[in-house]
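Participant: Have a look at this one before I ask anything.
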Amino acid sequence: MNRYSDMWDAVAQLFRLLGDASRLRIVAACLDVPVCVSDIALATGLSPSLVSHHLRLLRGAGVVRGERRGKQIFYCAADEHVRRMVRDMHVHALECAPTLQAVSLDGETEGLSV
Numbered sequence: 001m002n003r004y005s006d007m008w009d010a011v012a013q014l015f016r017l018l019g020d021a022s023r024l025r026i027v028a029a030c031l032d033v034p035v036c037v038s039d040i041a042l043a044t045g046l047s048p049s050l051v052s053h054h055l056r057l058l059r060g061a062g063v064v065r066g067e068r069r070g071k072q073i074f075y076c077a078a079d080e081h082v083r084r085m086v087r088d089m090h091v092h093a094l095e096c097a098p099t100l101q102a103v104s105l106d107g108e109t110e111g112l113s114v
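Using the UniProt record's numbering, the first residue of the sequence shown is number 1, and each one after it goes up by one.
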């Protein structure tokens, strides 16, 4: 495999990781300021253990980073690229909402001429 296809494999892996709505909610919860697991759980409606599980995966992929403060770890977006990507995806989804609702995951369209 060449370097070019390896790069796109890595990008696809990142999109697969972020293809989970719970993970996107977690990243969105800590885009602007560092947040602890219990506050992320409250903001997202997920259990603290599930939040911790997702954070472990997100941290391993370099999407979020953690900073220990006493007994707690506070998480935030790893860098400006992550913040920009998540915000841009959010705006794009809002702008394309009618189209996105009409397209199923398998690529079939309902009522759209493609």
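Idealized CB from N, CA, C, for every residue including glycine.
None of these values were measured; they are calculated from a predicted model.
Cβ atoms of Val64 and Val27: under 8 Å apart, would you say?
Facilitator: Contact flag set, yes.
Participant: Going by DSSP, which residues form a beta bridge with Gly66?
Facilitator: Bridge partners of Gly66: Tyr75.
Participant: Between Val35 and Ala29, which are expected to be in contact by the criterion C-beta below 8 Å, what is the C-beta distance as a whole number of angstroms?
Facilitator: With 8 Å as the limit, Val35 and Ala29 qualify as a contact, their Cβ atoms being about 6 Å apart.
Participant: What's the gap between the Cα of Ser22 and the Cα of Tyr4?
Facilitator: Rounded to the nearest angstrom, the two C-alpha atoms are 30 Å apart.
Participant: Mind checking whether Leu17 and Leu57 have CB atoms under 8 Å apart?
Facilitator: Yes. Within cutoff.
Participant: Alpha helix (DSSP H) containing Val82: first to last residue?
Facilitator: Here the alpha helix (DSSP H) through Val82 covers Glu80 to Glu95.
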